[in-house]
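Take a look at the structure below.
Numbering (this note's numbering), first residue to last: 2 to 280.
What follows is the structure, given as structure tokens:
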């Protein structure tokens, strides 16, 4: 009778987590049971994580609509700008410079400079979602903003080996409600116009949101040096007209960060016993 009993696969038993049942989901296929949940639940986690930032986007979007109206921008053009850009900081820079009678080329250059960080965001997102189909990457690139990037990278730092479909589900779970709230509130601001009180202190929200997302991610010598250099340059050039000091400060920060990264990499290469990767 013992010869007729089903034999267990020793390699499968060894690969199974301790204490897991034989028929546990994912054991037969080798998949991690932690990644076996439905994608809609992962997307809901992204939406839940974005709720605090959506709350802060509501008055900020309304303020943009009011500022665009006060600047004399046609409501239709303002909505096209909002939907096409979905980046509050650059939109405000563009509108404010036009209001100050700055040349259009300067306003466009300032808006592009403010959005230069999106290129860096995209580069660091590539290892996580770069294997997605091209059309998915195009849509994901359209939604790259501070909040979407920060929340996604924070999650993937904790779960770096999460499967691609789950990463995309979380990413779009953050991106879609954030962008929808921004567009809807901008439209509401265009509708109510100047009825928003001028004393309402909502101009602090963009830097506050940015700091809340980025500050925990500034780790390592190169990142810290880049941040300090950018802050120092922006303060030193605060007198520059049309916020041109921010453009220079961004370039200074990136240059310092890259230089420190290269120097640390060379030092690490010259120290065979060193195992810590330069940051």
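Glycine residues also receive a C-beta, built at the ideal position from the N, C-alpha and C atoms.
Fill in: DSSP-derived helix/strand/coil call for residue 36
In the structure shown, residue 36 sits in a helix (DSSP, three-state: H, G or I).
Worksheet item: With a CB to CB cut of under 8 angstroms and the five nearest residues on each side skipped, what residues in its chain are close to residue 44?
Response: Counting only Cβ-Cβ distances below 8 angstroms, and skipping sequence neighbours, we find 170, 171, 173, 174.
Fill in: Cβ separation of residue 188 and residue 66, assumed to be a contact under 8 angstroms, to the nearest whole Å
7 angstroms between Cβ atoms; contact.
Worksheet item: Is the closest heavy atom of the ligand ATP to the C-beta of residue 121 under 8 angstroms?
Response: The ligand ATP is absent from the structure shown, which contains no ligands of any kind.
Worksheet item: Among 100, 47, 240, which one has its Cα closest to the Cα of residue 73?
Response: Residue 73 has its Cα closest to that of 100, out of 100, 47, 240.
Worksheet entry | Nearest-angstrom beta carbon gap, residue 87 and residue 186 [assumed within contact, 8 angstroms] | Not quite, the Cβ-Cβ distance comes to about 12 angstroms (not below 8 angstroms), so this is no contact.
Fill in: Length-filtered (4 minimum) alpha helix (DSSP H) runs lying within the segment 124-168
Note on the segment 124-168: whole alpha helix (DSSP H) runs with a minimum of 4 residues are 135-143, 147-159, in chain order.
Worksheet item: With 16 as the cutoff for other CB atoms within 10 Å, does residue 64 come out buried or exposed?
Response: By the 10 Å Cβ count, residue 64 comes out buried.
Fill in: Residues of its chain near residue 270, where Cβ-Cβ distance is below 6 angstroms and the 5 sequence neighbours each way are ignored
So no residue of the chain qualifies.
Worksheet entry | Contacts around residue 96, its chain only, beta-carbon distance under 7 angstroms, and the 5 residues preceding and following it disregarded | Around residue 96: 68, 69, 72, 74.
Item to complete: For residue 129, I'd like the list of residues in its chain whose CB is within less than 6 angstroms of its CB, leaving aside the five on either flank, ordered along the chain.
Response: Taking residue 129 as the centre and dropping the five residues before and after it, the same chain places the C-beta of 157, 168 closer than 6 angstroms to its C-beta, in chain order.
Discussion item. Considering only the alpha carbon of each residue, which of 118, 113, 262 lies closest to residue 221?
Written reply: The shortest CA-to-CA distance from residue 221 to any of 118, 113, 262 is the one to 262.
Worksheet item: residue 30 by DSSP, collapsed to three states: which one?
Response: Low confidence applies here, because residue 30 scores a pLDDT of 44, under 50, leaving its location unreliable; read the following figure in that light. Residue 30: coil per DSSP, three-state reduction.
Worksheet entry | Residue interval of the alpha helix (DSSP H) (run including residue 268) | For residue 268, the enclosing alpha helix (DSSP H) covers residues 245-270.
Discussion item. Using C-beta distances below 6 angstroms, list every residue in its chain close to residue 268, excluding the 5 sequence neighbours before and after it, in chain order.
Written reply: Result list for residue 268: empty, nothing under 6 angstroms.
Discussion item. Closer than 8 angstroms is the cut-off here; do at least three beta carbon pairs connect the segment 38-56 with the segment 174-183?
Written reply: Contact holds: three or more Cβ-Cβ distances are below 8 angstroms.
Worksheet entry | Where residue 116 sits in the DSSP three-state scheme | For residue 116, the secondary structure class from DSSP, reduced to helix, strand or coil, is coil.
Worksheet item: At which residues does the alpha helix (DSSP H) containing residue 94 begin and terminate?
Response: Where residue 94 is concerned, the enclosing alpha helix (DSSP H) starts and stops at 89-100.
Worksheet item: Between which two residues does the alpha helix (DSSP H) carrying residue 230 extend?
Response: Residue 230 -> alpha helix (DSSP H) spans 222-237.
Item to complete: Would you tell me roughly how many angstroms separate the C-alpha atoms of residue 106 and residue 37, rounded to the nearest one?
Response: When only Cα atoms are considered, residue 106 and residue 37 end up about 51 angstroms apart.
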